Amino acid sequence: MCPLRLPLLAALLGLALSQYDYGYDYQPAEVRPPTPRCADECECPTHFTSAMYCNNRELKAVPFVPTGIKYVYLQDNHLTEIKAGVFDNVTDLRWLILDNNALTNDKIEKGSIDKLTKLEKLHINNNKLTEVVVPKSSAMEEIKMMSNEITKFPAGLLSGMDNLTAVHLSKNQLTTEGITGAFKGLKSLMLLDVSENKLKKLPAGLPSSLMMLYADHNEIESIAVSYLQKLPTLQYLRMSHNKLQDSGVPAGVFNVSALIELDLSYNKLGAIPEVGENLEHLYLQVNEISKFDVSSFCKVVSPVSYSKIRDLRLDGNNLTPQSMPMEAAQCLPLATEVVI
Ligand SMILES: *[C@@H]1O[C@H](CO)[C@@H](O)[C@H](O)[C@H]1NC(C)=O
Ligand SMILES: *[C@@H]1O[C@H](CO)[C@@H](O)[C@H](O)[C@H]1NC(C)=O
Ligand SMILES: *[C@@H]1O[C@H](CO)[C@@H](O)[C@H](O)[C@H]1NC(C)=O
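Residue numbers (the UniProt record's numbering): 1 to 340.
Next comes the structure, spelled out in structure tokens:
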């Protein structure tokens, strides 16, 4: 016998004995709280009865979800459609996970997910959506629709979602026009990931609550003068692998005090842009920078006035260690890693 089974056996024996000892106190099954039924194709664990696991079962359609279920896992199937009515008994569903299927917009019937007005988490990564689909749920906290074919994000779709904190849309076909107005008025949005899309500009009308904006691998050529002024709490801005040139970067556009990390690697910059006083991580590798100008970091160089930069990547540019001016060490005393 496998020794690992012993404690379990002992516990079962103990349970059996105690039931035997106090047999007349034993509670009949009927008084236990009713457990939700489970769709035949799925599994609802006895220790987590409000969850229904239907993942990895070669399903082609979403099964009817029984009363009492709050979390549904349908990832890793062959789902192509969601029929109307499957969620009729669970309009208070909280999580719906549909990653790695073959869902298209035209086969998500009206009367299916639009009924989920209490939904908090919606994951439809790696499907075949061409347009964002989201139920009108004011409880929504997180939307993930990465790796689809989304070109359109209708304006107003997210309105009233005051608890929405994160939207992940990387690896789609979004254009600047396609997402105009999509995020307007959101009160809690902290993270927006639109990397690996077809944006020519950073999204307009983002809410002032934003802390992380990821826009790597797009076709962005320029940034508007006061773009970051409208995002006073933005700490992480990632724009690597775009088409930024000096002419598209207005003077002082990155000189904002909230910014902690700025990734401008793999662009076409010829100069180091001015950065804000609190920036700690600056990535500029693989650009066309040929001059190291201390004034990008320190307007005045003195023992009490220096940059907080810790990491500075400048490799893959036209710089040599000799390009570093004498004042660099005094302006950047915290930079343990300056890679040229
Ligand atoms: C759905 O809800 C109806 C009405 O409350 C109920 O009679 C029925 O048993 C439920 N079905 C399932 C599978 O939960
Ligand atoms: C938003 O989140 C707060 C805090 O978790 C919660 O109390 C509130 O009910 C949520 N709002 C909605 C509409 O679910
Ligand atoms: C950034 O702006 C502040 C004032 O807003 C200014 O004092 C500082 O010199 C600027 N930094 C750089 C590197 O230009």
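A virtual CB, placed ideally from N, CA and C, is assigned to each residue, including glycine. All values reported here derive from a predicted model rather than from experimental measurement.
For Val194, which of Lys187, Ala224, Met212 and Ser188 has the nearest alpha-carbon? Here residue 194 is taken as the residue at index 194 of the sequence shown, counted from 1. When the alpha-carbon of Val194 is set against those of Lys187, Ala224, Met212 and Ser188, the nearest one is in Met212.
Any chance the CB of Ser209 is under 7 angstroms from a heavy atom of ligand 2? Residue mapping note: residue 209 aligns to position 209 of the sequence shown, counting from 1. Every heavy atom of ligand 2 is 7 angstroms or more from the Cβ of Ser209, so no.
Please state whether DSSP places Leu265 in a helix, a strand or coil. The count along the sequence shown starts at 1 and reaches residue 265 at position 265. Sequence inspection shows Ser at residue 265; the Leu mentioned does not correspond to that position. Coil at Ser265, not helix or strand.
Give the straight-line distance between the Cα atoms of Asn125 and Ser302, rounded to the nearest whole angstrom. The residue you call residue 125 lines up with position 125 of the sequence shown. The residue you call residue 302 lines up with position 302 of the sequence shown. Going by C-alpha positions, Asn125 is about 50 angstroms away from Ser302.
Opposing strand residues paired with Met212 [DSSP bridges]: In the sequence shown, the residue the question calls residue 212 occupies position 212. Met212 pairs with Leu191 and Tyr236.
Where the alpha helix (DSSP H) containing residue 360 begins and where it ends: Look at the range of the chain in this structure, 1 to 340, and you will see that residue 360 is not part of it.
Considering only residues of the same chain and omitting the five flanking positions on each side of Val339, which have a CB-CB separation below 8 angstroms? Taking the sequence shown and counting its residues from 1, the one referred to as residue 339 is at position 339. Leaving aside the five residues that flank Val339 on each side, the residues in its chain whose CB is nearer than 8 angstroms to its CB run, in chain order, Gln285, Leu312, Arg313, Leu314 and Asp315.
Could you tell me whether the Cβ atoms of Leu157 and His123 are closer together than 8 angstroms? Position 157 of the sequence shown, counted from the first residue, corresponds to residue 157. Position 123 of the sequence shown, counted from the first residue, corresponds to residue 123. Not a contact, by the Cβ cut-off of 8 angstroms.
Going by Cα to Cα distance, which pick from Lys268, His217, Asp293 and Asn267 is closest to Val275? Here residue 275 refers to the residue found at position 275 when the sequence shown is read from its first residue. The shortest Cα separation from Val275 among Lys268, His217, Asp293 and Asn267 belongs to Asp293.
Under 5 angstroms, CB to any heavy atom of ligand 1. Which residues pass, going along the chain? One residue after another in chain order, those with a Cβ under 5 angstroms from a heavy atom of ligand 1 are Pro66, Thr67 and Asn89.
Based on DSSP bridge pairs, tell me the residues matched to Ser302. Your numbering for residue 302 matches position 302 in the sequence shown. Paired residue(s): Ser305.
Is the closest heavy atom of ligand 3 to the C-beta of Phe292 under 7 angstroms? For this step, residue 292 is matched to residue 292 along the sequence shown. Not so, every heavy atom of ligand 3 lies at least 7 angstroms from the Cβ.
Taking the CB atoms as reference points, tell me whether Leu199 and Thr175 lie closer together than 8 angstroms. Within the sequence shown, residue 199 is the residue found at index 199, counting from 1. Within the sequence shown, residue 175 is the residue found at index 175, counting from 1. Cβ distance < 8 angstroms, so Leu199 and Thr175 count as in contact.
With DSSP as the reference, label Asp40 as helix, strand or coil. Along the sequence shown, one-based indexing puts residue 40 at 40. Looking at Asp40 - three-state DSSP - the assignment turns out to be coil, as it is neither helix nor strand.
Find the nearest neighbour of Asn197 within the set Cys54, Met145, Lys187 and Lys171, judged by alpha-carbon distance. Counted from its first residue, the sequence shown places residue 197 at position 197. The shortest C-alpha separation from Asn197 is found at Lys171.
Looking at Glu142 and Lys121, is the spacing between their C-beta atoms short of 8 angstroms? What you label residue 121 is simply residue 121 of the sequence shown in a count that begins at 1. What you label residue 142 is simply residue 142 of the sequence shown in a count that begins at 1. In contact: Lys121 and Glu142 (Cβ atoms closer than 8 angstroms).
Can you find the residues in the same chain that come closer than 6 angstroms, C-beta to C-beta, to Thr165, ignoring five residues on each side of it along the sequence? By 1-based counting over the sequence shown, the position of residue 165 is 165. The beta carbon of Thr165 is closer than 6 angstroms to those of Glu141, Ser188 and Met190 in its chain, skipping five residues each way along the sequence.
One or two residues paired with Tyr227 in a DSSP bridge: For the purposes of this step, residue 227 is taken as the residue at position 227 of the sequence shown. DSSP output for Tyr227 lists no bridge partner at all.
Under the DSSP definition of a beta bridge, which residues are partnered with Met140? In the sequence shown, residue 140 corresponds to position 140, counting from 1. Here Met140 is not bridged, per DSSP, to any residue.
Say whether the stretch 223-241 touches the stretch 251-259, bearing in mind that this needs 3 or more beta-carbon pairs closer than 8 angstroms, one atom from each stretch. Below 8 angstroms, enough C-beta pairs join the stretch 223-241 and the stretch 251-259 to call them touching: three or more.
Per DSSP, which residues does Lys70 bridge with? Please list them. As a position in the sequence shown, residue 70 is number 70, starting the count at 1. Lys70 is not bridged by DSSP to any residue.
Taking 7 angstroms as the cut-off, is the C-beta of Val225 nearer than that to any heavy atom in ligand 3? Here residue 225 is taken as the residue at index 225 of the sequence shown, counted from 1. Val225: no, Cβ never under 7 angstroms from ligand 3.
Where does Gln330 fall in DSSP's three states? Position 330 of the sequence shown, counted from the start, is the residue given in the question as residue 330. Three-state result, Gln330: helix.
In terms of alpha-carbon separation, which member of Ile113, Arg238 and Lys299 lies closest to Thr91? The residue you call residue 91 lines up with position 91 of the sequence shown. Comparing Cα positions, the closest option is Ile113.
Skipping 5 residues on each side, what residues in its chain have a beta carbon closer than 7 angstroms to that of Gly270? Here residue 270 corresponds to residue number 270 of the sequence shown, with the count starting at 1. So the qualifying residues of the chain are Asp246, Glu288, Ile289 and Ser290.
Within 6 angstroms of ligand 2: residues by beta-carbon to any heavy atom: Result (chain order): Ser138, Ala139 and Asn163.
N- and C-terminal bounds of the beta strand (DSSP E) containing His281: Taking the sequence shown and counting its residues from 1, one reaches residue 281 at position 281. Run containing His281: His281 to Tyr283, per the beta strand (DSSP E) assignment.
Could you tell me if Lys144 is buried or exposed, where buried requires 16 or more neighbouring beta carbons within 10 angstroms of its beta carbon? Taking the sequence shown and counting its residues from 1, the one referred to as residue 144 is at position 144. Of the residues assessed, Lys144 falls on the buried side of the cut-off, its CB having 16 or more other CB atoms within 10 angstroms.
Could you tell me the boundaries of the beta strand (DSSP E) in which Arg94 lies? Within the sequence shown, numbered from 1, the residue matching residue 94 stands at position 94. Membership of Arg94 in any beta strand (DSSP E) is not indicated, and neither H nor E is assigned to it by DSSP.
Going along the chain, which residues of its own chain have a beta-carbon closer than 8 angstroms to the beta-carbon of Gln322, five neighbours each way excluded? The count along the sequence shown starts at 1 and reaches residue 322 at position 322. So the list is empty, once near-sequence residues are dropped.
With which residues is Glu277 paired in a DSSP beta bridge? In the sequence shown, the residue the question calls residue 277 occupies position 277. For Glu277, which the question treats as bridged, DSSP gives no partner whatsoever.
Check whether the Cβ atoms of Phe297 and Ser307 lie closer than 8 angstroms to each other. Against the sequence shown, residue 297 aligns to sequence position 297. Against the sequence shown, residue 307 aligns to sequence position 307. Closer than 8 angstroms, so yes.
With DSSP as the reference, identify every bridge partner of His168, one or two as the case may be. To locate residue 168, count along the sequence shown from 1; it is residue 168. Beta-bridge pairing links His168 to Lys144 and Asp193.
Report the start-end ranges of each beta strand (DSSP E) in the stretch 116-140 that is 3 residues or longer and not cut off at the edges. Qualifying beta strand (DSSP E) stretches, in chain order: 121-123.
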